[in-house]
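Residue numbers (our numbering): 12 to 351.
Glycine included, C-beta positions come from ideal geometry on N, C-alpha and C.
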């Protein structure tokens, strides 16, 4: 077969690490090296030409316990999924090994992007993108792990669970479907449902878009999925999917609250500074008046309630500061809040 073709510039991907402390609005690199910008998992030529698309599975209950990461590689002919573990919340990784090799049917060229969700019984389910050798067709398959991600077994006899433009997959997915993202949520029946977001496109002239399939029973077999209402002719809108009800209500409400918060902050950029100024003014007036009263009460030499500054009583200045601070704060609050 000969050596694999050279990768384009930037193709030798490695895995980094970033942390957010504000619910994902901003991120700071905290990887290797003194500046934190280095990778936490280097590519290994023995694995492939790059290490990419990490999916981290944190422990179910103890955040200090072992983390597991799944990532994929490509050696020039085949895609494979590897695993690694971390004991320091993702800063360093060890125990690298393959967990999903190329299959015998729709994924004979290998397994690439994938997503993992935890079932109610603690086991893990994976939906992965498989590539068929020869045709290059991309389909979605499923696998499960009952040992925390240490090992994986293909489900449904290794058959695909979603194929482009077939079954539950709408016609606009008929060229390619892939890049899955899987979410496990409580269902109205008391069990759990799976929500499968995916990328797809209808043909060479169309753009890649995002769609959503739902398994109400939590199973992954081909017949368990249905397209979300209103998406048979086109992709969903992530902020207004018709199925954003029931088990996903809490997730959607959280997204709505974050969106409203960001919109309010961008609409009233001076709100926080004005409230800070009002607090400083009011606080200074109260503090100075209290200090003066205490000095007079303990008989501090030179202290007097009638003390003046440039002919104006000091207590009057303190009172003016308090009044100005309260007035500014009240005005700011009333005129920069969302009244809708």
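Residues that DSSP places opposite residue i in a beta bridge
i           : result
residue 74  : Looking at the DSSP assignment, residue 74 forms no beta bridge with any residue, so it has no partner.
residue 212 : 187
residue 155 : 136, 164
residue 236 : 226
residue 85  : 90
residue 193 : 207
residue 173 : 151
residue 24  : In the DSSP output, where bridge partners are listed per residue, residue 24 has none listed.
residue 180 : Residue 180 pairs with nothing; no bridge assigned.
residue 141 : 122, 150
residue 39  : 30
residue 316 : Answer is none; residue 316 lacks a bridge partner.
residue 54  : In the DSSP output, where bridge partners are listed per residue, residue 54 has none listed.
residue 79  : 68, 96
residue 49  : 43
Endpoints, alpha helix (DSSP H) assigned at residue i
i           : result
residue 333 : 325-346
residue 307 : 282-308
Cβ-Cβ distance between residue i and residue j below 8 Å
i           : j           : result
residue 235 : residue 222 : no
residue 352 : residue 155 : Summary: the structure shown does not reach residue 352, with the chain confined to residues 12 through 351, and so no result is reported for it.
residue 79  : residue 68  : yes
residue 23  : residue 81  : no
residue 165 : residue 114 : yes
residue 231 : residue 188 : no
residue 51  : residue 96  : no
residue 163 : residue 225 : no
residue 239 : residue 193 : no
residue 206 : residue 127 : no
residue 186 : residue 214 : yes
Integer Cβ distance of residue i from residue j, believed to fall under 8 Å
i           : j           : result
residue 26  : residue 39  : About 17 Å separates the two Cβ atoms, so there is no contact after all.
residue 343 : residue 282 : 6 Å
residue 285 : residue 336 : That belief does not hold up - the Cβ atoms of residue 285 and residue 336 are roughly 11 Å apart, past 8 Å.
residue 55  : residue 125 : No, residue 55 and residue 125 are not in contact; Cβ-Cβ is about 19 Å, not under 8 Å.
residue 321 : residue 303 : Actually they are not in contact, since the Cβ atoms of residue 321 and residue 303 sit about 16 Å apart, beyond 8 Å.
residue 84  : residue 53  : The Cβ separation is near 12 Å, so there is no contact.
Own chain partners of residue i with C-beta closer than 6 Å, once the 5 adjacent residues on each side are dropped
i           : result
residue 141 : 117, 118, 122, 150, 152
residue 346 : none
residue 307 : 314, 316
residue 144 : 119, 120
residue 167 : 232
residue 305 : none
residue 63  : 24
residue 339 : 289
residue 157 : 134
Beta-carbon contacts of residue i that lie in its chain and below 8 Å, excluding the five residues immediately before and after
i           : result
residue 170 : 116, 117, 152, 233
residue 203 : 130, 131, 195, 196, 197, 229, 258
residue 324 : 317, 318
residue 220 : 183, 210, 211, 212, 245, 246
residue 248 : Unreliable placement is indicated for residue 248, whose pLDDT of 44 sits below 50; the coordinate value is still reported in the next sentence. There are no such residues.
residue 260 : Caution applies to residue 260, whose pLDDT of 43 falls short of 50 and renders its modelled position unreliable; the model cannot decide the point.
residue 42  : 27, 28, 29, 48, 49, 50, 51, 102
residue 300 : 326, 329, 330, 333
residue 74  : 100
residue 310 : none
residue 178 : 233, 234, 236
residue 147 : 120
Beta-carbon proximity list for residue i, same chain, < 7 Å, skipping 5 on both sides
i           : result
residue 341 : none
residue 98  : 77
residue 112 : 91
residue 37  : 31
residue 71  : 129, 133
residue 180 : 173, 174, 188
residue 227 : 198, 204
Residue i - containing beta strand (DSSP E), residue span
i           : result
residue 96  : 90-97
residue 121 : 121-129
residue 321 : Run containing residue 321: none; DSSP gives neither H nor E here.
residue 110 : 105-111
residue 67  : 63-68
residue 222 : 220-226
Distance cut-off 7 Å: residue i Cβ against heavy atoms of the ligand FMN
i           : result
residue 153 : In the structure on display, the ligand FMN does not appear, and there are no ligands present to speak of.
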